[in-house]
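Peer 1: Numbering (my numbering), first residue to last: 33 to 305. Submitted below is the structure of interest, expressed as structure tokens.
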């Protein structure tokens, strides 16, 4: 009856208020401090006037969620616009990741390993070919023929660590059975050819990987030799195997990697094959 009504008993309190407000009632209104209904409404209106306009109308949960989503979209759009403006202002172009649009065979189809050249000799019947024995982490060294004689001396190869594409079928080159390919970088007119070199601490036989591509799962195993050749996988991947301006061999802007770090060549802006 004192003007502080709330809770489940508010209806009972209103009944008591009605009884207390009667002139012929038994309650001494002044002694008890009864606040009559009219005064209560005046106080309530005064309180409501203090509430800000945007809080006076209740907002449904659905409407509130929609407003929050719209606000989030506006903020995201503004942030993207700011990033674009900042890039334009700084002269930096927004570059698309080539991985997003690549539709060729997986790079994991290739079995590229670190190898060490144990022995080099001239092919007896081909002026352009070296014959090599290369340790790629298997029980026996592989015999591989490479058309590198016009570009380097035997001592430039022997004892060196190289990258070897291992899942190629054995084929005879001028009678010499070659099982694999030593990867090299070359310039556009093929007048310069240089070895692709792993870091000195790379493990012989370890597989070369590319960042952002899964080389661990079952789907990432190298293709069998027959499948690699039949589907012309190497030919389809070749345009994407390049060296950047620093001579780092790359696939879709990502470097050839070993457990010891990045592979290198002394030849920038070339192709790898």
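Just so it is clear, CB atoms sit at the ideal spot from N, CA and C, and this is done for glycine as well. Just so it is clear, the structure is predicted and the values come from calculations on it, not from any experiment.
Taking 8 Å as the cut-off, decide whether the C-beta atoms of residue 169 and residue 242 are in contact.
Peer 2: no
Peer 1: Give the DSSP-derived three-state secondary structure of residue 73 in the structure shown.
Peer 2: helix
Peer 1: Quick one, which of 269, 281, 305 has its alpha-carbon nearest residue 136's?
Peer 2: 269
Peer 1: Quickly, what does DSSP pair residue 241 with across the bridge? List them, please.
Peer 2: 289
Peer 1: Could you spell out the range, first to last residue, of the alpha helix (DSSP H) harbouring residue 257?
Peer 2: Residue 257 -> alpha helix (DSSP H) spans 257-262.
Peer 1: Label residue 308 either buried or exposed according to how many other C-beta atoms from any shown protein chain fall within 10 Å of its C-beta, with 16 as the threshold for buried.
Peer 2: Residue 308 falls outside the range modelled here, since the chain spans only 33 to 305, and no answer is possible.
Peer 1: Let me check understanding here. Comparing Cα to Cα, which of 162, 134, 204 lies closest to residue 186?
Peer 2: 162
Peer 1: Taking the alpha-carbon positions, what's the residue 68 to residue 74 distance?
Peer 2: 10 Å
Peer 1: Whose CA, out of 262, 263, 287, lies closest to the CA of residue 273?
Peer 2: 287
Peer 1: I need the straight-line Cα distance from residue 300 to residue 254, nearest angstrom please.
Peer 2: Cα-Cα distance, rounded: 28 Å.
Peer 1: On a CA-only basis, which of 78, 191, 184, 148 is nearest residue 159? Give me that one, please.
Peer 2: 184
Peer 1: Helix, strand or coil, according to DSSP, for residue 166 in the structure here?
Peer 2: strand
Peer 1: Residue 217: buried (16+ other C-beta within 10 angstroms of its C-beta) or exposed?
Peer 2: buried
Peer 1: Leaving out the 5 sequence neighbours to the left and right, which residues in its chain are closer than 7 Å to residue 233 when beta-carbon positions are compared?
Peer 2: 292
Peer 1: Please state if the CB of residue 257 and the CB of residue 189 are separated by a distance shorter than 8 Å.
Peer 2: no
Peer 1: Roughly how many whole angstroms lie between the Cα atoms of residue 179 and residue 279?
Peer 2: The C-alpha of residue 179 lies about 21 Å from the C-alpha of residue 279.
Peer 1: Quick check on the DSSP output: the alpha helix (DSSP H) that includes residue 268 runs from which residue to which?
Peer 2: 265-269
Peer 1: So, under 8 Å CB-CB, residue 215 and residue 149 are touching, yes? Tell me the CB distance rounded to an integer number of Å.
Peer 2: Not a contact, Cβ separation roughly 13 Å.
Peer 1: Can you give me the C-alpha to C-alpha distance between residue 191 and residue 145, rounded to a whole angstrom?
Peer 2: Spanning the two alpha carbons is a distance of roughly 16 Å.
Peer 1: Pull up the distance between the alpha-carbon of residue 33 and that of residue 84, whole angstroms please.
Peer 2: The predicted position of residue 33 is uncertain, since its pLDDT is 49 and thus under 50; a value taken from the coordinates is nonetheless stated next. Looking at the two C-alpha atoms, the distance is approximately 29 Å.
Peer 1: Which residue or residues does DSSP assign as beta-bridge partners of residue 203?
Peer 2: 210
Peer 1: Checking 8 Å against the spacing of the C-beta atoms, do residue 230 and residue 275 come in under that value?
Peer 2: no
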